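Asks: Take a look at the following structure, please.
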């Protein structure tokens, strides 16, 4: 489901995105400590933009919008599908996925 995809995506990429944003912010902070006024202004603006993107947009706004839009996130127009040569036969199926069989415990003596 879409909510499972959001949870999985944030769980897998959350630390990576935060680390990359922090590294990029520190690089811009180092540039902001340089002598040129133009460079200071540009580096400061870009640094705060990176922090805003990593904290507000990627960790709050995108997951909430993906959850809100639900199945519309996965909509692919037929013209784009033809362009990409993707079959759309599974697109309109409303059947839920079958339940997986429960795992069978394995014993050391078997």
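Residue numbers (the numbering used here): 280 to 389. Don't be surprised by glycine CBs; every beta carbon is placed ideally from N, CA and C. Just so we're clear, the structure is a prediction, and the values are computed from it rather than from any experiment.
Compute the Euclidean distance between the alpha carbons of residue 321 and residue 311, then round it to the nearest angstrom.
Replies: Rounded to the nearest angstrom, the two C-alpha atoms are 8 Å apart.
Asks: With a threshold of 16 other CB atoms inside 10 Å of the CB of residue 326, please say whether the residue is buried or exposed.
Replies: Burial call: buried.
Asks: Report yes or no: do the stretch 330-348 and the stretch 292-312 share at least 3 C-beta pairs separated by less than 8 Å?
Replies: Yes, the stretch 330-348 touches the stretch 292-312.
Asks: With a threshold of 8 Å, are at least 3 pairs of Cβ atoms found where one atom belongs to the stretch 280-295 and the other to the stretch 334-348?
Replies: In short, these stretches touch, since the Cβ pair count reaches three.
Asks: Give me the Cβ distance between residue 352 and residue 292, rounded to the nearest whole Å; I'm assuming they're in contact under 8 Å.
Replies: About 16 Å separates the two Cβ atoms, so there is no contact after all.
Asks: Taking Cβ to Cβ, would you say residue 361 is nearer than 7 Å to residue 296?
Replies: No, they are not a contact pair.
Asks: Under a Cβ-count criterion, where at least 16 other Cβ atoms within 10 Å of its own Cβ denotes burial, should residue 401 be classed as buried or exposed?
Replies: This structure leaves residue 401 out entirely; the chain is present only between 280 and 389.
Asks: By the DSSP assignment, the alpha helix (DSSP H) with residue 332 in it spans what residues?
Replies: Residue 332 -> no alpha helix (DSSP H), and no H or E assigned at all.
Asks: Report the three-state DSSP secondary structure of residue 346 (helix, strand or coil).
Replies: Correct three-state label for residue 346: helix.
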